[in-house]
């Protein structure tokens, strides 16, 4: 699933490792989500939303809805 | 880092190392017993199956690790590796079974025994990991 994670992370000036540490996941998890090759579970998506203080749909792009 | 280990993985590796150390000790003890003590009756069966206990522990450790690993991406990769390893072992076992059925001398020539399945599964499990992980890079 496409997402804006890389952009949001860059805006926060965080590395993948920084974001992984904040989410308590591995750096490879962050990389896989950023590249759209792994879709996070709903709980992890909510953690991302809380971290970036925005709704899930502003982070992940629902291509079927476009 | 790609190879950074989670707490659950570190505990899993410790459990596996302990179990495999016990396995090596059990194999040595059982082999020595059969060569020097020549056990009889039910003891033969119990002794022969003794090294299987640490193998059960290794299998259980993998299951516990999958349950304890908090990183859902890592869990996904591990489950995929397990499925690939199972597919590889089932395929090899089917081929070996057919060879044993239709080529009677095959089993003797190749020295094939049934308990190789565990070793092949773990070798396949380790071998497929780089390929499964590469899909997500």
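Residue numbers (my numbering), protein chains in the order written: chain A, 104 to 169; chain B, 1136 to 1272.
By construction, the Cβ of each residue, glycine as well, lies at the ideal position given by its N, Cα and C atoms.
Taking 7 Å as the CB-CB cut-off, is residue i touching chain B?
| i | result |
| --- | --- |
| residue 118 of chain A | no |
| residue 140 of chain A | yes |
| residue 128 of chain A | yes |
| residue 123 of chain A | no |
| residue 148 of chain A | no |
| residue 135 of chain A | yes |
| residue 115 of chain A | no |
Would you kindly check if the distance between the Cβ of residue j and the Cβ of residue i is under 7 Å?
| i | j | result |
| --- | --- | --- |
| residue 140 of chain A | residue 1271 of chain B | yes |
| residue 155 of chain A | residue 122 of chain A | no |
| residue 109 of chain A | residue 137 of chain A | yes |
| residue 1283 of chain B | residue 1154 of chain B | Only positions 1136 to 1272 of chain B appear in the structure, and residue 1283 of chain B is not among them; the question remains open. |
| residue 1174 of chain B | residue 1182 of chain B | yes |
| residue 133 of chain A | residue 119 of chain A | yes |
| residue 1178 of chain B | residue 1224 of chain B | no |
| residue 1204 of chain B | residue 1210 of chain B | yes |
| residue 1241 of chain B | residue 1233 of chain B | no |
Let me know if residue i comes out buried or exposed under the rule of 16 or more other beta-carbons within 10 Å of its beta-carbon.
| i | result |
| --- | --- |
| residue 116 of chain A | exposed |
| residue 129 of chain A | buried |
| residue 1162 of chain B | exposed |
| residue 1208 of chain B | buried |
| residue 1167 of chain B | exposed |
| residue 1200 of chain B | buried |
| residue 1159 of chain B | exposed |
| residue 1180 of chain B | exposed |
| residue 1206 of chain B | buried |
| residue 1196 of chain B | buried |
Kindly say whether residue i, judged by its beta-carbon, lies nearer than 7 Å to any beta-carbon of chain A.
| i | result |
| --- | --- |
| residue 1271 of chain B | yes |
| residue 1263 of chain B | no |
Quick test of your reading: residue i and residue j, contact by CB under 8 Å. State the CB separation rounded to the nearest angstrom.
| i | j | result |
| --- | --- | --- |
| residue 1230 of chain B | residue 1260 of chain B | Residue 1230 of chain B to residue 1260 of chain B, Cβ: 19 Å. No contact. |
| residue 1255 of chain B | residue 1227 of chain B | 6 Å |
| residue 158 of chain A | residue 152 of chain A | 6 Å |
| residue 1165 of chain B | residue 1193 of chain B | Actually they are not in contact, since the Cβ atoms of residue 1165 of chain B and residue 1193 of chain B sit about 17 Å apart, beyond 8 Å. |
| residue 145 of chain A | residue 126 of chain A | Contact flag wrong, Cβ pair sits at about 14 Å. |
Taking beta-carbon pairs under 8 Å, can you tell me which members of the region 1200-1213 of chain B lie near chain A? 1205, 1206, 1207, 1208, 1209 and 1211
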